[in-house]
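So the sequence shown is numbered by my numbering: it starts at 6 and just counts up by one.
Where a beta carbon is used, it is the ideal one built from N, C-alpha and C, also for glycine.
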Amino acid sequence: MKSLAELQAIKDRMKSKVALREGYGEIRVVVGMATCGIAAGARPVLNTLVEEVNNAGLYEKVSVSQTGCIGFCQLEPIVEVIEAGKEKVTYVKMTPEKAKEVVEKHLKGGKVVTEYTVAGAN
């Protein structure tokens with residue numbers, strides 16, 4: 006059994022991860038986690054996004070969550086970035102490495118990584 010202080014420390018440490026999945030923040034990042042997305046590798050992408058957003062200290066600004074089918078099975082894993090007042094950005098054929106780059110360049114730096122978007126995939 007953990008002491009009350011240890012449990013409080015665990016709660017405080019995990020609070021940001023819970024907030025990420027519950028959808029707080031100015032920027033929403035949504036990962037398609039239907040069967041097609043999971044089969045294409047969406048779970049490691051989701052985990053990487055959550056971890057990198059947390060490590061970058063963006064957990065108050067960015068929320069990461071999952072959704073069902075986005076509708077483009079051949080382009081999975083798909084990640085959508087939704088910001089108020091801006092057009093939604095849809096990243097396709099994502100990998101954990103690409104997810105790290107999206108966090109660094111787009112979520113942290115404000116620049117869309119065009120080569121990973123639907124338009125860049127053509």
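- Of all alpha-carbon atoms in K105, V84, A10 and Y96, the one lying nearest the alpha-carbon of N60 is that of K105.
- With a cutoff of 8 Å on beta-carbon distance, E102 and I32 are scored as not near each other.
- For I87, the secondary structure class from DSSP, reduced to helix, strand or coil, is strand.
- The three-state reading of DSSP puts Y121 in helix, counting H, G and I together.
- Spatial neighbours of P49 in its own chain (CB-CB distance under 7 Å, excluding positions within 5 residues in sequence) are listed in chain order as P101.
- Of all alpha-carbon atoms in K110, G115, T95 and D17, the one lying nearest the alpha-carbon of I75 is that of T95.
- The stretch 57 to 113 is shown to contain whole beta strand (DSSP E) runs of 3 or more residues at 67 to 72, 84 to 88 and 94 to 96, in chain order.
- Here T119 has G125 as same chain residues with Cβ atoms under 6 Å from its own Cβ, once five neighbours each way along the sequence are excluded.
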